[in-house]
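Chemist: The structure follows.
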Amino acid sequence: MRFGAMAAAVVCALAALAAGGCQKEAPAPAPPPASGAAAPLRILSLAPNLTEILFAMGLGDRVVGRSTYCAYPPEAAALPAVGDTLQLNLERVVALKPTVAFLITRRDDVPRRLEAVGVRAVALRSDHMSEMLQSVATIGRETGHEADAQMLLDHIQVGLMRVRARVKGLPRPKVLFAFPMTIGSPQMMVAGRGTFVDELLDVAGAANAYPKTADWPTLSPQAVIGLGPEVVIVNATAEDAAPDRLEAVRRAWANWTSVPAVKAGRVHVLTETFLTIPGPRVVQAAAVLAEAIHPELRGATPEGARP
Amino acid sequence: MIRPRPVTARRYVAALGGWLVAWVLVAAAAVLLGTENIWAWESWESVRTVLGIRLYLVLTASIVGASLALAGLAFQALLRNPLADPYILGVSGGASLGVILSSLCFSILLAPLFGFVGALATVAVVYAVAQRRGRLEPYTLLLSGVIINAFYGAAIMLVVALASPMERGSIAYWMMGSIGTFDPRGTPVVAVVGGLAVAVAVVFAFLAKGFNLVVVGEDTAGALGVRVERLRLVAFVAASLVTGASVALVGPIGFVGLICPHLLRLALGPDHRRLVPASFFFGAIFLVLADLATRLLASVGDQAPPVGVLTAMCGGPFFIYLLRTRWRRAAEVR
Amino acid sequence: MAKDADNAAAAGTPAPGAPAPGAGRGAPYLEVRGLGFAYRPGAAVLAGLSFDVGRGRLVNLLGPNGSGKTTLLRILVGLLVPAEGEVRLAGIALADYPRGALARRIAYVPQETASAAAFTVLETVLMGRSPHTGALGFETPADWYAAREALRLTETEAFAERSLEELSGGERQRVVIARAIAQEADLVLLDEPTAFLDIKHQHAIYGLLARLVAERGLTAVCVSHDLNLAAAYADDLVLLAAGRVAARGTPAEVLRPEVLRPVYETPLEVRTDEVTGRPYVLLRRGAV
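So, in structure tokens, the structure goes:
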């Protein structure tokens, strides 16, 4: 039993070691820099739309790291990637020494993880237009570039107002915004009421054919037929934008002749990637949607060139 | 295969010391190695931060690896089945459901707590279903576990189906099992789970003699003075608790609880007095190395793949190896 | 049974069935009193079972299928709790022994020797020392000596490092008996130890048991099917029928046609072996 006690003592010491080693103090997170602070601004952007906003505000040279999915603008793609909010490469984050990180998340643990390694984390939202605009303002405040933020906000709001003006007076059709069907299933995801895309449709002078408030419900063909949309926008991006896939999507839709949009030939397959990104290119997105929805507008000058 | 001579106290302590040294070496290597070349950095503050992150990961991996290996060993003895792993009785399903429901409906920070509560509830349910007149027989225990696992699989599928696509992604990711969640305010939780693992290891060390006898035969064990029913109950509860705690902390990392006891049995023989301390330390070392491998793989992509992916990939080749060597040899003997 | 012993004591001569002189006379070592047991209510397997076993005797429990032999043995080992009656070992009831103490006094050799793990012969025999080793199960030189002795007595030293699975049935059975010897128990309970063995190994096992009883003063209680084997080696026989003792005594007393025929419900004859003086049972084909 003597040796048993010794063995127990050894493992207890090990446990104490483990517990003691865990009581490490986290380095204090850096405080937000005041306007015109001397400390250089190093920004980590963890969402594609936030990256676009930062570059649109002229802060592109301050961005030191991005998430894996930030692909636009092309200058951003050259930056080192640190993963995404689900799985962050914390070592690389520390290596980049950012002073502030902007991310889109509702979870509590991701900002805390960043704060634990000494990076000030600002969690933003962009589910609605108002939230996106608020995020731009917040970024301006956090980085001390309120003027640039205001310029971007003005640009966006003016652009959207122009699109609204163009479609004013035109009939408001019922529009369904959908993604292509997943392979092997006839079901598809559509934009419900209250989503960002829904707000874009409103700016583009249309009513959402899907009547209920929902994020991205999945519909069967019967449900789509039941909704009876007058115009259908299918947003095919990435792998779905391959020519054979596009053709398959067009053929699938052409089959459903009882849908008013199909009968009227108003099913538009759009391959623009920015239609669902709540960022600076919403003006372009609204314009593209408006032209797709309202045949009267085609032929006029395209709106919303990139600033 | 080495078949050492009988187990004496002196050899036991020497083996413990040897394993401890091995673990310290592996842990040190895992803390010092990584994709970022931190030794070229000027800022000592940043280096300290990264070392802190790695130390946290190494300790968590050690505790979880040790827990799962111990639980796997205990279940293999309890169920007299070398294919048993810690998740076979449904505890991981209960812990997973608790974590998922908590992160969807309540708070993600409380998720480990809910996970552990889910595990406790599962232990109670499995016991209630499996026991007959207070006795836990291996066969009924196994069947109950299969049933409970099926139930939890269905429940989790339902929750996932009702969740939003974004939530589905994070749930799917968590279910793969990953150590890389560094949160310094989570260190008390890790310390508690660590203490639990150590306590269970000590308990199993005292039960090791009984495990040997029970594996030989229930009657033989009873005749040699082993309280078989008490042994089964204690082993079941202890192994389930430590499994539930691990899953609640890092998700269901697979194959560690299955492979580690097996490999050790091949090397050290079926004597549980050797296998219990060996499983504790080897499980820790195994998972620390697996986590280190995933972190080194981060240089290939942008982030490390979840460690559960790596351990799952080890599973297939391991079973092929088992099939071709040990089982065929056993069949020939018979 | 007890009646004979009483009569004999009154007459001043040792009665048949009583312990031989010098083999620990006095109180019997194992006493079974009024044992009753049922696996299901209403289906009693044992009822009012009573007999004694003296120290240093090789006793066989005989009886047809369903007579309760195995149930009785399991109660003696402590694996089952009797519904009625009690069992006393050296005057103390089994229920009053602490579990560890009981394991140091009673050894059990089960019928089935297959195991779920590949322990070596030495490890298996060392397991018999577990009632003597501490909580963590460390072994001391005393344990190794007992194990080596047990291997020597059962002539299994040559297999010490081999895995149990590689041995033949007879060799495995000797190893399990070695385990029981290593336990240094006074009472060994065996459940049909020769059930799956050929005649050479059957005689080897019984010969070993008889030697251990004679040389080391063990008491062995053996459940058996084989009447002739029991007749050849046992000191005492206990014949069970329908959960009760039908006859008890030396082989010559128990193996009599008038005793056996009603119990086994089979016509048989009993002859005496001229060489050994022991009875043997003869069956004839076709006679019903």
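Residue numbers (the working numbering), protein chains in the order written: chain D, 95 to 401; chain P, 936 to 1269; chain F, 111 to 398. Glycine included, each C-beta is placed from N, C-alpha and C at the ideal position.
1) From the DSSP output, read off the bridge partner residues of alanine 288(F).
2) DSSP puts threonine 312(D) in a beta bridge; with which residues?
3) Measure from the alpha carbon of aspartate 253(F) to the alpha carbon of each residue in Glu275(F), Thr234(F), Val197(F) and Ala292(F), then state which is nearest.
4) In the DSSP assignment, find the unbroken beta strand (DSSP E) run with alanine 1046(P) in it and report its ends.
5) If you follow the alpha helix (DSSP H) that cysteine 164(D) is part of, which residue opens it and which one closes it?
6) Mind reading off the beta-carbon distance from valine 1185(P) to glycine 1112(P)? Whole number of angstroms is fine, and I expect it under 8 Å.
7) Residues in the stretch 226 to 248 of chain F with C-beta within 8 Å of chain A's C-beta atoms, listed in sequence order?
8) What are the partner residues of arginine 150(F), as DSSP defines its beta bridges?
9) Give me the subset of the stretch 354 to 383 of chain D whose CB atoms are less than 7 Å from a CB atom of chain P, sorted by chain position.
10) If we ignore side chains and look at the alpha-carbon of each, how far apart do valine 376(D) and leucine 140(D) end up?
11) Report the three-state DSSP secondary structure of lysine 262(D) (helix, strand or coil).
12) Identify whether valine 353(D) lies in helix, strand or coil by the three-state DSSP scheme.
13) Going by C-alpha distance, which of Gly238(D), Gly154(D), Thr145(D) and Val257(D) is nearest leucine 391(D)?
14) For arginine 940(P), decide whether its Cβ has a neighbour in chain D, counting only Cβ atoms nearer than 8 Å.
15) Could you give the C-beta distance for proline 1205(P) and alanine 228(F), rounded to a whole number, given that I count them as a contact under 8 Å?
16) Under the rule that 16 or more other beta-carbon atoms within 10 Å means buried, what is alanine 131(D), buried or exposed?
17) What are the residues that DSSP puts in a beta bridge with glutamate 194(F)?
18) Since alanine 272(D) is in the beta strand (DSSP E), which residue starts that stretch and which ends it?
19) Cα separation between alanine 1233(P) and leucine 184(D)?
20) Please name the residue in Val353(D), Asp202(D), Arg160(D) and Gln251(D) whose C-alpha comes closest to that of valine 297(D).
21) Examine chain P for any beta-carbon lying closer than 8 Å to the beta-carbon of leucine 184(D), and answer yes or no.
22) Considering only C-alpha positions, which residue in the set Lys1144(P), Ala1173(P), Val1211(P) and Ala1225(P) is nearest to isoleucine 1114(P)?
23) Kindly list the residues whose CB is nearer than 7 Å to the CB of methionine 223(D), restricted to its own chain and excluding five residues on each side of it in sequence; keep chain order.
24) What's the C-alpha gap between aspartate 334(D) and methionine 282(D)?
25) Please classify glutamate 271(F) as buried or exposed, where buried requires at least 16 other C-beta atoms within 10 Å of its C-beta.
26) How should arginine 239(F) be labelled, buried or exposed, when 16 other C-beta atoms within 10 angstroms of its C-beta is the threshold for buried?
27) Kindly indicate which three-state DSSP category valine 216(D) falls into: helix, strand or coil?
28) Going by beta carbon distance, what residues of the same chain come within less than 8 Å of threonine 193(D), once the five residues before and after it are set aside?
29) Quick check: what's the CA-CA separation for glutamate 302(F) versus leucine 319(F)?
30) By Cβ distance, which residues of its chain are closer than 6 Å to histidine 362(D), with the 5 residues on each side in sequence left out?
31) DSSP on proline 372(F), reduced to helix/strand/coil?
32) In or out: aspartate 162(F) buried (at least 16 other Cβ within 10 Å) or exposed?
33) Buried or exposed: where does threonine 266(F) fall if 16 or more other Cβ atoms within 10 Å of its Cβ makes it buried?
34) Here's a check: name, in chain order, each residue in its chain whose Cβ is nearer than 6 Å to the Cβ of glycine 234(D), leaving out the five neighbours to either side.
35) Short of 7 Å in beta carbon distance, which residues of its chain neighbour methionine 1110(P), apart from the five on each side in sequence? Order them along the chain.
36) Please compile the residues from chain F whose C-beta is within a distance smaller than 9 Å of the C-beta of asparagine 1147(P).
Modeler: Considering the structure as presented:
1) Locating residue 288(F) in the third sequence gives position 178, where the first residue counts as 1. DSSP output for alanine 288(F) lists no bridge partner at all.
2) On the first sequence, residue 312(D) is found 218 positions in, with the first residue counted as 1. Paired residues: Met283(D).
3) Within the third sequence, the letter at position 143 stands for residue 253(F). Looking at the Cα atoms, Ala292(F) is the closest of the given residues.
4) By one-based count along the second sequence, residue 1046(P) stands at place 111. Note, alanine 1046(P): premise wrong, no beta strand (DSSP E); alpha helix (DSSP H) at 1046 to 1065.
5) Position 70 of the first sequence, counted from the start, is the residue given in the question as residue 164(D). Here cysteine 164(D) belongs to no alpha helix (DSSP H), and DSSP marks it neither H nor E.
6) Against the second sequence, residue 1185(P) aligns to sequence position 250. Against the second sequence, residue 1112(P) aligns to sequence position 177. The Cβ separation is near 6 Å, so the contact holds.
7) The structure shown contains no chain A; the protein chains it does contain are D, P and F.
8) In the third sequence, residue 150(F) corresponds to position 40, counting from 1. As computed with DSSP, arginine 150(F) is found in a beta bridge with Ala153(F).
9) The stretch 354 to 383 of chain D vs chain P, Cβ under 7 Å: nothing.
10) The residue given as residue 376(D) occupies position 282 in the first sequence. The residue given as residue 140(D) occupies position 46 in the first sequence. Computed Cα separation, rounded: 19 Å.
11) Numbered from its first residue, the first sequence carries residue 262(D) at position 168. Here lysine 262(D) carries a coil assignment [DSSP, helix/strand/coil].
12) Against the first sequence, residue 353(D) aligns to sequence position 259. DSSP places valine 353(D) in coil when its eight states are reduced to three.
13) As a position in the first sequence, residue 391(D) is number 297, starting the count at 1. Comparing Cα positions, the closest option is Val257(D).
14) Residue 940(P) sits at position 5 when you count from the first residue of the second sequence. So no, arginine 940(P) is outside the interface.
15) As a first step, residue 1205(P) must be located in the second sequence, where it is residue number 270. As a first step, residue 228(F) must be located in the third sequence, where it is residue number 118. Right, the Cβ-Cβ distance comes to about 6 Å (below 8 Å), so this counts as a contact.
16) Taking the first residue of the first sequence as 1, we reach residue 131(D) at position 37. Note that alanine 131(D) has pLDDT 49, beneath the 50 cutoff, so the model's placement of it is unreliable and no number is given.
17) For the purposes of this step, residue 194(F) is taken as the residue at position 84 of the third sequence. Answer is Gly146(F).
18) In the first sequence, counting from the first residue as 1, residue 272(D) sits at position 178. Where alanine 272(D) is concerned, the enclosing beta strand (DSSP E) stretches over 268 to 272.
19) In the second sequence, residue 1233(P) corresponds to position 298, counting from 1. In the first sequence, residue 184(D) corresponds to position 90, counting from 1. Cα to Cα, the separation comes out at about 11 Å.
20) The residue labelled residue 297(D) in the question sits at position 203 within the first sequence. The shortest Cα separation from valine 297(D) among Val353(D), Asp202(D), Arg160(D) and Gln251(D) belongs to Gln251(D).
21) Taking the first residue of the first sequence as position 1, residue 184(D) is located at position 90. Leucine 184(D) counts as touching chain P.
22) Taking the first residue of the second sequence as position 1, residue 1114(P) is located at position 179. When only C-alpha atoms are compared, the closest one is Ala1225(P).
23) If you number the first sequence from 1, residue 223(D) lands on position 129. The answer, listed in chain order, is Phe290 and Glu293.
24) Walking along the first sequence from the start, residue 334(D) turns up at place 240. Walking along the first sequence from the start, residue 282(D) turns up at place 188. The straight-line gap from Cα to Cα measures roughly 13 Å.
25) Counted from its first residue, the third sequence places residue 271(F) at position 161. Exposed, since its Cβ has fewer than 16 Cβ neighbours within 10 Å.
26) Numbered from its first residue, the third sequence carries residue 239(F) at position 129. By the 10 Å Cβ count, arginine 239(F) comes out buried.
27) Translated into positions along the first sequence, residue 216(D) becomes position 122. DSSP places valine 216(D) in strand when its eight states are reduced to three.
28) Looking up residue 193(D) in the first sequence gives position 99. The residues are Ala124, Pro127, Ala133, Pro134, Leu135, Arg136, Ile137, Val213 and Arg214.
29) The sequence position of residue 302(F) within the third sequence is 192, counting from 1. The sequence position of residue 319(F) within the third sequence is 209, counting from 1. Cα-Cα distance, rounded: 13 Å.
30) As a working mapping, residue 362(D) is identified with position 268 in the first sequence. Once the five neighbours on either side are set aside, the close Cβ partners of histidine 362(D) are Ile327 and Ala386.
31) Along the third sequence, one-based indexing puts residue 372(F) at 262. In the structure shown, proline 372(F) sits in a helix (DSSP, three-state: H, G or I).
32) Start at 1 with the first residue of the third sequence, and residue 162(F) comes out as number 52. Burial is judged here by how many other beta carbons sit within 10 angstroms of a residue's own beta carbon; aspartate 162(F) has at least 16 and is buried.
33) Numbered from its first residue, the third sequence carries residue 266(F) at position 156. By the beta-carbon neighbour count (other beta carbons within 10 angstroms, threshold 16), threonine 266(F) is buried.
34) Translated into positions along the first sequence, residue 234(D) becomes position 140. Hits under 6 Å: Glu240 and Ala243.
35) Taking the second sequence and counting its residues from 1, the one referred to as residue 1110(P) is at position 175. Result list for methionine 1110(P): Ser1031, Gly1186 and Pro1187, in chain order.
36) Mapped onto the second sequence, residue 1147(P) falls at position 212. Residues of chain F passing the Cβ test: Ala227, Phe229, Glu233, Met237, Ser240 and Gly247.
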